[in-house]
Every structure is written in C-alpha cells, then in structure tokens.
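Going line by line, the protein sequences match chains Y and P. Be aware that the first sequence starts at 1, since it is given in UniProt numbering, and climbs by one per residue. Be aware that the second sequence starts at 1, since it is given in UniProt numbering, and climbs by one per residue. Positions of the beta carbon are idealized from the N, C-alpha and C atoms, including for glycine. Here's the structure we're looking at; comments come further down.
2 protein chains.
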Amino acid sequence: MSEVPARTPRLSRRRLFGLLGGTGALGAAAGVVATRSMVDDPVTSGGDVVEFFGDHQAGIVTPAQDRLHFATFDLSPVAKRDQLIELLTEWTNASLRMTAGQDVGSGSVTGDPGAPPDDTGEALGLSPARLTITVGFGTTLFDGRFGLADRRPEQLADLPTFAGDALRSEISGGDLCVQACSNDPQVAVHAIRNLARIARGTASVRWSQLGFGRTSSTTTAQQTPRNMMGFKDGTANLKAEDTDLMAEHVWAQPGDGQDWMTGGSYLVARRIRMLIEPWDSTPLTEQERVIGRTKGTGAPIGKSAEFDTTDLGRLDPNSHVRLAHPDNNAGARILRRGYSFTDGTDDLGRLDAGLFFLAYQRDPRTQFVTIQNSLAGNNNDALNEYLQHVGSGLFACPPGVKAGEHWGQALFG
Amino acid sequence: MSEVPARTPRLSRRRLFGLLGGTGALGAAAGVVATRSMVDDPVTSGGDVVEFFGDHQAGIVTPAQDRLHFATFDLSPVAKRDQLIELLTEWTNASLRMTAGQDVGSGSVTGDPGAPPDDTGEALGLSPARLTITVGFGTTLFDGRFGLADRRPEQLADLPTFAGDALRSEISGGDLCVQACSNDPQVAVHAIRNLARIARGTASVRWSQLGFGRTSSTTTAQQTPRNMMGFKDGTANLKAEDTDLMAEHVWAQPGDGQDWMTGGSYLVARRIRMLIEPWDSTPLTEQERVIGRTKGTGAPIGKSAEFDTTDLGRLDPNSHVRLAHPDNNAGARILRRGYSFTDGTDDLGRLDAGLFFLAYQRDPRTQFVTIQNSLAGNNNDALNEYLQHVGSGLFACPPGVKAGEHWGQALFG
C-alpha cells in the first residue's frame, strides 16, 4: 500500500445532516433533496419512483416489486435514546434520497476525495426501479432501554410458539427491521448496505434475507406469481384497491391503542423453508389436494378459473387453502407480501429454498396468530409435511413520514 | 393426510426419453421439442430465446444476462459411465426445452396426475428471459471412475494454491458444473432445480451460488455494470464481436490437445468475498488508487472517459488494473462473466457479499493462473486487503451441441 492520501477535515455525513435540520426540524429532508437534485446525475424517471412521503409507509400496499432485501438490526448495547432518534432521522433522509434515485449524503464520487464516499456507489446510474424502504420496530425495542416500555402496542405481543416451529434465534427477531423492495435487486441491496453503513456504531445487522421473486400481488392489476412449489400464490390476497378492507385488516386505526401507530401496520416475517425434494416427488393430484388448488390454472379444487369463489366443502379438510381461509379463522385476513428465496444448498446437498413470508395486518393476535394456529401442527395443514418455519420476526411499522419528520417521530414525542 | 390417489402405471420421464431416441440417437431432442410445442402454452417470444444449438455452448459469449444460478454436482459413488452419459443426455434434452421456454419432460400439469409432475412448475407462464444453460466437466471427472483419465486436457491442470487463498472445500470443486443465466432469476433457479431433480440417484448438488447482478459485459452494446465496490467492472473485458480475439483467447482450437474440446472453453469460478466494511471506510482517492480507475466515470487514472486507453505508467504499481493488464501478463486475456452476490450476513454481522468471478479462456495455465499470480499476495494487488477468495472451481466446458447430440458427446466417443 502506498500513497495513502492525507485525510482532510470535512463535515461528516452525520454533522451535515445536523446542520441541515437535524432531528425533527421541519423541512430538513426536503431541503436535502432540493440541494442534491441540482448536482446529481439525472438517473430517475417518474414511473420508476415511488413517493416516499404519505399517510402510510410505502412498501406495504405499493404494488409488490419483484425483488427484496430485508434486514433486521440490533441496537448497540451502549446506544441511548438520542442515538436511536438520530439513526431514524439519518435513515429517513437517506431513504428519501435513495427512493428518489439519488445517492446517499453528499455524493458517491463528488464529495471530499480524502474522505470515504458517502455512498457506496453500486447503484450509480441505475433507476430506483420503484424502490421502497419500509421500517419497523421489533418487540425488543420496547424493553426499557430507550424509555419506550409504556409505548409498546398491545398488538405487538410476542408471537406464541406454534406447533412444528424450528426457529433459529440467529435468523429471528431484531430491534429494527428494514424491508427494501425494488424491481432491481442491486438497488435493494444497495439500500440495505447503505443503511447498515449509516447505522455503524449505533446498530448492526442481526440477519438479512434476499428474495429473488415476489410471491404475492398487492393490487388487482398484478399477475399472480408462482412460489417454489410451482403453485400460484396469493390469489385470495387482500388488494390495495379495497380501501375499506385495508382499513379493516391492515392499517392501525385511531382507538386501537397506541396513537403513535395510527396509520401504521404490524409486520410478521417468517423464513419458511420448503422441503423441495419430497415435494418434487409428490404426485400432482396429491400436491393439488394439499394446496387446495389446481396447479395449472390456480383454480380452487372443483372450479375452473383462478379467481372463482372457493367452495370449501370441495377441498380436503387438511388443505392449505381451506385451513387458511377467512371462514375458518373468524374472518381473519392479512396482506401478504412475501418472496421466494434460494440460499444455496445445505450440507446434505438439498436446496435451501422456500418462502420468505411477509404479511401486514392491523392486529397479529387476531390475524396471523389465528391463521397460523389453524395451520400449524401435524394434524392440520397437510402442507406442513413439506415446510419448516426456521426464522421469525414481529415488527410495528409506524405510519408514513411527512416532510421534515423522521420514521416513528410520534413514538418519541 | 387422506385421499392419496392411487399411483397409476405410466412412462417415466427417463423411459420416455429413451423411447424418443435415448442416448445419442439423432433427432431425439428435436423430436421432443416438436412434440411438446403443440401442447405447451405459448410463453416464448423470439427475442427472449437464445438458440441452444451451435458450434459453441450458449452462455459464454452470449450477452451477459442479469441474473445467475450456478451449481456444481458430484457423481454418486456408485454411478457408472453409462449413467453419466444418460444424465448428460437427459440434461441436454431438458435444457433444450427450458431454454425454449417449455417445461421439462411431459408436462408440469398435463401429465399423469397420479405421478409427480415432470416439471416443478415455478416457471410456468414466464418467459425464458434469454435463459442459457452451460455445462462443464471438473477435474475430478477425469480421475478414472468413468474411463476418462486419458481424455483429460492438459489445460485442465489443477489450479495452484495462490497466496492469500482461503478456500473452503464445501464451496469448491465438483465433478460437473451448470451455469444458468437469465434475465429472470426465477427462470435460472427453476433450471438448476430441475436439472438437480433429473440428476437424483446419479449426481447431487455439491454447492450452488446465486448472483443478483452481472458485473461484466460480453458485448460492446452492453453498458458496463458496477460491482459491489461501486466501480465499473469489466471495462477492458474481451467482447464477443472480436471473433479473432475469441479464437485466440476463449475457444479451444484444433491442435490444442484433446480434440473433443475443440470449440469448448475452460471456466474458472472463484467466490471472492469482499470485505465490505473496511472498503466502505476507505477514502475515495484511495479506492481509486487501489483500483486504478476513477469511480464516477470509470476512466483509467489520468484519463477522462471509461474506454480511454490505460496509461499504465500513471497507475499505482499495486493497482488492480495495472497488475491485471495484459501488458503485465504476457498478453493474457480472459472473458469475464461474473456476478455480484449477497448471502446475508456472517456471525459478526458483516455482509457476506462480493463477486462470484466466472471467466472463460482457452488455457487457464497461461491465462487465469498467470494473471492471478500477478495479483495474489500481500505485496501485489492493493485490492487484496479487501478481498478473500473462499471458493474455487475449474471446468472444461465442451463445445456446443448439435441436434440429436448431448453435451460432451465427443468425450465419450
């Protein structure tokens, strides 16, 4: 190594944000964007940008993008409440920029050459490809370290242990989560990486998961994708156009409990490994019986088209669709937003692949937990023979951000 | 579990292929396609299909697709030469179908409902998105188990141990390799999964690797992508349009040694982990010194545009570009075709990310080995401080397939 340039004094990214408004100052985020848009490369096109601000966070009812990078973070043992707020402020500002197709902070390649670039650079020149960044607060964030114990929503009750769970702590939980979705995986990876970099010293990644293909539609215009079992998945998913159903099943409402969550939603994440090899050895009719749909069209058993009404009486009592149906779960419905994953092979040469299940809801206690209790266990969902839940997380995703605010601002008010 | 349907007798996939032509029979593969194209859904469009047949295998000079699934396989300890040939025949037939946008064998959902579907189904309705499937033979395939010891090309010499190597055997080597590239990752994953399924009982996956973004261009029309260090990568790569250079540096030529390899190419695969966190803490000018290019434009140091001629004298003596340059390596050049990967985080919370390096060449002894000897070691490439080679493979990729042949047919002649 030679010619290491002398490091010249400069404003750090953190100090720069502070000068531009800092924690909670109105207009800070918008101001940063206006400043940067004059010097950035024009890499954005309108159709590729999802609006960052709004009553709800983007990335929940936004039409599900094709690719995912999801990560959870743990706060440092020495981190204090002010650092958590500063982190959320910096994440908000950086995410506002990245979702608009801009690089983070003061430039990847135009900043002080004697300092590390503020952006890692691999998304330079790429469209944001409808990047959304969605943040959630884990149950452990409310354990008293940050003075938030009395702000914990009752809906954020620890998930019970379900029959058959094989959870691994190293891919479960986390104080914070970030869901980055984009139609370009490099853009999603770039987003998580840069947020992890901003967090350094305050929080570190606990685990992360890439998803290569969406397994749900969140709008009626999207074609239903197929999961790694080869079946259409999410046909009966809630759809964003049904705003009444969104209010009933997805968004926290005034009076639900903690006011700071109004307009937010609760996210359940489950890493569900599929036992690919046994599934692939199963006859077609057995696969269809287990799921409750025909494989080709996706029609419910006994019907002819994908969106035909399901006749539960014609489905096997242990079929997945029948057991997960709202009629079997006191009307419980969730907004699924999951992704297929493949993470190489295990030490027996079997594909480590499956579904990274993500579902948003208004109250997990009466929604995901109710449904999963119907499914879990050897005597319930016939699909359990081919599945293993190996990771789990539960997060309170606060409402959307207004200009000048930061994620979860009302939580700290 | 209930209502398991009785399994009815049927032609197995293996027997079906046998009846339609079997090992080595002319016209078998083409015959299968013609039969199936009458009943398959019309999911293909011309521009999304890369021709399977040809003098060379597709997936080498084919414009690099955006996504990768790569796997290596080990033959079963009891597998014999005939089973290896049968496997290559079945793989050829299935790959011919999948690259044309068809499902494997006799149908995902239209076959005998009492038997497992011949295709796993997750690519139903998807375009092949320029899927290519490229096969290679590892050094261990020539160890005598299959009567191939005297057919081993001298170019397929075991790679030496390079300074700094930190190779892990569980993600290195393999009797066979398959490179599946597509612009749709679900299509690439589907291809590897179905080839693994066909191999069951004969060969099993040793290791596999997903790549989410290409890091090289293989034609002049492609824009140079950025790698996980944020730099444009592969600017000086060989380009398919330079057919003279392809003949000189990529394709095995008559007289090179083993005639069965004429028209083939040798593939070096290296899983190169990038030490992301130290890199991201490095000043911009130091990053640029280490690489030998400016980060924004990709221009060589001292020049203004990406494709300007490199002036080696202006580059740091330890810069990556200078040490890897043909002028520093007796003119050695390789065709790079690598992909960025991110496989979650390690147990210290650091991103497990980097470059899955793939390079094709006529003779690794005088090409990759020469270049890597220039780069490896603490006193050479300054980039080594931020890299770790953790996986490695070397494969002889046979020439292209003609209708009615199977991969590597001349090897067994």
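Exposed unless 16 or more other CB atoms sit within 10 angstroms - verdict on residue i
i, result
"residue 68(Y)", "buried"
"residue 348(P)", "exposed"
"residue 86(P)", "buried"
"residue 212(Y)", "buried"
"residue 104(P)", "buried"
"residue 120(Y)", "buried"
"residue 168(Y)", "exposed"
"residue 307(P)", "exposed"
"residue 78(P)", "exposed"
"residue 161(Y)", "exposed"
"residue 285(P)", "buried"
"residue 309(P)", "exposed"
"residue 378(Y)", "exposed"
"residue 139(P)", "buried"
"residue 300(P)", "buried"
"residue 327(Y)", "exposed"
"residue 198(P)", "buried"
"residue 324(P)", "buried"
"residue 314(Y)", "exposed"
"residue 254(Y)", "exposed"
"residue 39(P)", "Low confidence applies to residue 39(P): its pLDDT is 34, below 50, so where it sits in the model is not reliable, and the reading given next is rough at best. With fewer than 16 Cβ atoms within 10 Å of its Cβ, residue 39(P) is classed as exposed."
"residue 330(P)", "exposed"
"residue 247(P)", "exposed"
"residue 32(P)", "Legend: pLDDT at residue 32(P) = 28, less than 50; position of this residue unreliable, value from coordinates given subsequently. Residue 32(P) comes out buried."
Cβ distance (whole Å) where residue i is taken to contact residue j below 8 Å
i, j, result
"residue 214(P)", "residue 64(P)", "5 Å"
"residue 421(P)", "residue 204(P)", "The structure shown does not extend to residue 421(P), since chain P is modelled only from 1 through 413, so no value can be given for it."
"residue 414(P)", "residue 321(P)", "Examination of residue 414(P) is not possible in this model, given that chain P is present from 1 through 413 alone."
"residue 241(P)", "residue 224(P)", "That belief does not hold up - the Cβ atoms of residue 241(P) and residue 224(P) are roughly 15 Å apart, past 8 Å."
"residue 272(P)", "residue 375(P)", "Not confirmed; about 11 Å, so no contact."
"residue 332(Y)", "residue 276(Y)", "That belief does not hold up - the Cβ atoms of residue 332(Y) and residue 276(Y) are roughly 29 Å apart, past 8 Å."
"residue 165(P)", "residue 389(P)", "5 Å"
"residue 155(Y)", "residue 364(Y)", "6 Å"
"residue 243(Y)", "residue 337(Y)", "Incorrect: roughly 17 Å between the Cβ atoms, too far for contact."
"residue 52(P)", "residue 89(P)", "That belief does not hold up - the Cβ atoms of residue 52(P) and residue 89(P) are roughly 14 Å apart, past 8 Å."
"residue 266(Y)", "residue 361(Y)", "5 Å"
"residue 144(Y)", "residue 393(Y)", "Between residue 393(Y) and residue 144(Y) the Cβ distance is about 20 Å, and since that is not below 8 Å, they are no contact."
"residue 359(Y)", "residue 268(Y)", "5 Å"
"residue 350(Y)", "residue 122(P)", "Incorrect: roughly 17 Å between the Cβ atoms, too far for contact."
When the options are compared against residue i, the one with the closest alpha-carbon
i, options, result
"residue 234(P)", "279(P), 49(P) and 340(P)", "340(P)"
"residue 180(P)", "192(P), 173(P) and 170(P)", "192(P)"
"residue 407(Y)", "56(Y), 48(Y) and 50(Y)", "56(Y)"
"residue 419(P)", "81(P), 240(P), 169(P) and 132(P)", "The structure shown does not extend to residue 419(P), since chain P is modelled only from 1 to 413, so the question has no answer here."
"residue 134(P)", "369(P), 272(P) and 50(P)", "50(P)"
"residue 129(P)", "360(P), 59(P) and 286(P)", "59(P)"
"residue 397(Y)", "170(Y), 178(Y) and 70(Y)", "178(Y)"
"residue 216(P)", "394(P), 209(P), 228(P) and 206(P)", "228(P)"
"residue 352(Y)", "165(Y), 210(Y) and 95(Y)", "210(Y)"
"residue 200(P)", "84(P), 313(P), 323(P) and 245(P)", "84(P)"
"residue 260(Y)", "146(Y), 298(Y) and 153(Y)", "153(Y)"
"residue 412(P)", "222(P), 393(P), 258(P) and 294(P)", "258(P)"
"residue 305(Y)", "382(Y), 294(Y) and 247(Y)", "294(Y)"
"residue 274(Y)", "61(Y), 265(Y) and 345(Y)", "345(Y)"
"residue 163(P)", "231(P), 384(P), 136(P) and 403(P)", "384(P)"
"residue 137(Y)", "188(Y), 157(Y) and 176(Y)", "176(Y)"
Span of the alpha helix (DSSP H), counted from its first residue to its last, around residue i
i, result
"residue 361(Y)", "Counting along the chain, residue 361(Y) falls outside any alpha helix (DSSP H), though it belongs to the beta strand (DSSP E) covering 351-361."
"residue 388(Y)", "No alpha helix (DSSP H) contains residue 388(Y), which is instead part of the beta strand (DSSP E) from 387-397."
"residue 284(P)", "284-291"
"residue 48(P)", "No alpha helix (DSSP H) holds residue 48(P); DSSP gives it neither H nor E."
"residue 369(Y)", "368-375"
"residue 248(P)", "243-249"
Run of the beta strand (DSSP E) containing residue i, from where it starts to where it stops
i, result
"residue 265(Y)", "265-274"
Let me know the alpha helix (DSSP H) ranges lying completely inside the region 303-338 of chain Y, each 4 residues or longer, listed in chain order.
-> 320-324
Any beta strand (DSSP E) of 3 or more consecutive residues that is wholly inside the UniProt domain "Dyp-type peroxidase N-terminal" (57-212) of chain P = 67-75, 132-138, 176-182 and 203-211
The region 114-138 of chain P: positions lying closer than 9 Å to chain B by Cβ = No chain B appears in the structure shown, which is made up of the protein chains Y and P.
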